[in-house]
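Protein chains in written order, with our numbering: chain D, 1 to 366; chain E, 1001 to 1121. A quick write-up on the structure given underneath.
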């Protein structure tokens, strides 16, 4: 997404001149203009703006007020003040309010472009990533206790969201004019995103409580509930299942694989459909269907004894290292893609599309 | 050899790294200090059957009650990383990905194979 810079100045002639000159210099950003602070706030609420260049003295919402409003409501958007009203105290107050830069009129277009470019470069100083798994990357940020601002672009809807991390903790999010958990849930539910990383977090106030894992799970639930074909009567929310209904009841505990459990590996297609709910294995499959049936990216749930040999070997390794029971196995095969295999008297398999996070599926399972 | 596993071994919660050939021979292994006992058990296991079951699998993750075993297909066979349940598995995956080109250049280690063959006998 090409960065957009919003220039705010009540001097219509200067504004028009500056817009023309900027366009002639073909900067690596697009330009929008407005003559009033209020209109600037309206544009910010409705559009994706990467930076604001504002005059200081304007009727109505002036430059000081605009800096204050942006610091509060759009803390990720830097504001550069451009003014002919240059006083040492003015400069001090403007910077204390949260302005990123300060220039004195008259100024050259080249200087302005250079200063804007410097600000925009900072926003992507940590690098850019395209078509990434957002949840995997966020877990890395959490693990590495990173402090950063993450700009998330959703390709399908041309939307931009911002996530704020301090020492690996997600403390706030912004989506348009919204902040806090509501904005975070919506951003976290996106798939097919591009990211730019700024190695700095302007935000200090913590508006989001709860761990990242919990946020990701809730976001996934929200995503599923937003699907037009979702019916809450058919499938209870996933967290309810996690809290109230363990996947394996006592009678369905995955049995420790034994010699007699295992089918010979590669012994042909043993995939079968069991009568729904007719046996313990059937109930296990049914339980999996109730959890994963509406989860995006889960393509199929079925029983397949071809994995029994792998599970048996894995269980032996578990014993060797004193690792306890085998709960799940993730496999990625060139020929068939991603699957999560669930041990039991009948081996259940969850087939997933390539863009689904294994961690989400395993977390739901455990 | 130790150097190429250093980035994985130093991740918190990683017990050890094992490289097995396609036929199950243990080509190399490196364990964190404190997990020498686990390393000593490697020779008691017939890895050939496990390697056979991994046929066609590029990547696998075995989730146990208290540990995970991350498996990645590599040119010599498979890289196995034994980790705590709460270890940063994404970091392990990332470092295994980084490790793969180094393993491509690695020749099968006779030394380890001989040791374990003797122990089995």
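Ideal Cβ positions, reconstructed from N, Cα and C, are used throughout, including at glycine. Every value quoted in this text rests on a predicted model; they were computed, and no experiment measured them.
Relative to the C-alpha of residue 65(D), which candidate in 366(D), 144(D), 8(D) and 156(D) has its C-alpha closest? Nearest neighbour of residue 65(D) by Cα position, chosen from 366(D), 144(D), 8(D) and 156(D), turns out to be 8(D).
Counted within 10 angstroms of its Cβ, other Cβ atoms place residue 186(D) as buried (16 or more) or exposed: Counting Cβ neighbours within 10 Å, residue 186(D) comes out buried, since at least 16 surround it.
Taking 8 Å as the threshold (beta carbon to beta carbon), is residue 1116(E) in contact with chain D? The predicted model places residue 1116(E) with a pLDDT of 39, which falls under 50 and marks its position as unreliable; any figure quoted below should be read in that light. Not a single C-beta of chain D is nearer than 8 Å to the C-beta of residue 1116(E).
At which residues does the alpha helix (DSSP H) containing residue 109(D) begin and terminate? Run containing residue 109(D): 109–123, per the alpha helix (DSSP H) assignment.
Neighbour flag for residue 1060(E) against chain D, beta carbons, 8 Å: The C-beta of residue 1060(E) comes closer than 8 Å to at least one C-beta of chain D.
Relative to chain D, which residues along the region 1033–1053 of chain E have a C-beta separation below 8 Å, given in chain order? If the cut-off is 8 Å between Cβ atoms, the region 1033–1053 of chain E has 1038, 1041, 1044, 1045, 1049, 1050, 1052 and 1053 near chain D.
Please go through the same chain and pick out, in chain order, the residues whose beta-carbon is closer than 8 Å to the beta-carbon of residue 25(D), but skip the five residues on each side of it. Excluding its 5 nearest sequence neighbours in each direction, residue 25(D) has C-beta neighbours in its own chain below 8 Å: 109, 110 and 113, listed in chain order.
Does any residue of chain E bring its CB to less than 8 Å from the CB of residue 56(D)? Output row for residue 56(D): interface = no.
Inside the region 11–52 of chain D only - beta strand (DSSP E) runs reaching at least 3 residues: Taken in chain order, the complete beta strand (DSSP E) segments of 3 residues or longer contained in the region 11–52 of chain D are 30–34.
Would a check of beta-carbon distances place residue 1007(E) closer than 8 Å to chain D? By this cut-off, residue 1007(E) is not an interface position.
Are residue 15(D) and residue 33(D) close, meaning C-beta to C-beta below 8 Å? Contact flag set, yes.
Taking residue 210(D) as the reference, which of 192(D), 181(D), 188(D) and 200(D) has the closest Cα? Residue 181(D) is the option with its Cα nearest to residue 210(D).
Status (buried if at least 16 other CB within 10 Å, exposed otherwise) for residue 55(D): Residue 55(D) should be labelled buried.
Exposed or buried, which one is residue 334(D) when buried takes at least 16 other CB atoms within 10 Å? Taking a 10 Å sphere around the C-beta of residue 334(D), we find fewer than 16 other C-beta atoms and assign the residue as exposed.
First and last residue of the uninterrupted beta strand (DSSP E) at residue 155(D): Looking at the DSSP string, residue 155(D) is not in any beta strand (DSSP E), and its letter there is neither H nor E.
Say yes only if the C-beta of residue 366(D) is nearer than 7 Å to one or more non-hydrogen atoms of the ligand FAD, and no if none qualify. The model on display carries no ligand, and the ligand FAD is accordingly not part of it.
Extent of the continuous alpha helix (DSSP H) to which residue 185(D) belongs: 181–188 is the span of the alpha helix (DSSP H), which, as asked, contains residue 185(D).
Just curious, the beta strand (DSSP E) that residue 440(D) is in, first and last residue? One cannot answer for residue 440(D) here, as it falls past the ends of chain D, which runs 1 to 366.
Rounded to a whole number of angstroms, what is the C-alpha to C-alpha distance between residue 136(D) and residue 20(D)? Looking at the two C-alpha atoms, the distance is approximately 43 Å.
Using the three-state DSSP reduction, which class does residue 141(D) fall into: helix, strand or coil? DSSP, reduced to helix, strand and coil, places residue 141(D) within a helical segment of the structure shown.
So what does residue 1067(E) bridge to, in DSSP terms? The bridge partners DSSP lists for residue 1067(E) are 1084(E).
Any Cβ of chain D within less than 8 Å of the Cβ of residue 1082(E)? Judged by the 8 Å Cβ criterion, residue 1082(E) is in contact with chain D.
Measuring only between beta-carbons, confirm whether residue 328(D) sits less than 8 Å from chain E. So, interface residue.
What residue ranges within the region 1010–1041 of chain E form continuous beta strand (DSSP E) runs of no fewer than 3 residues, ordered along the chain? Considered as a whole, the region 1010–1041 of chain E harbours 1014–1021 and 1026–1031 as its complete beta strand (DSSP E) runs of no fewer than 3 residues, in chain order.
Spatial neighbours of residue 166(D) in its chain, beta-carbon cut-off 6 Å, leaving aside the 5 residues before and after: Hits under 6 Å: 147 and 201.
Tell whether a beta-carbon distance below 8 Å holds between residue 1095(E) and residue 1004(E). Using a Cβ distance threshold of 8 Å, residue 1095(E) and residue 1004(E) do not count as a contacting pair.
Identify which residue in 319(D), 87(D) and 329(D) has its Cα closest to the Cα of residue 57(D). Of the candidates 319(D), 87(D) and 329(D), 87(D) places its Cα closest to the Cα of residue 57(D).
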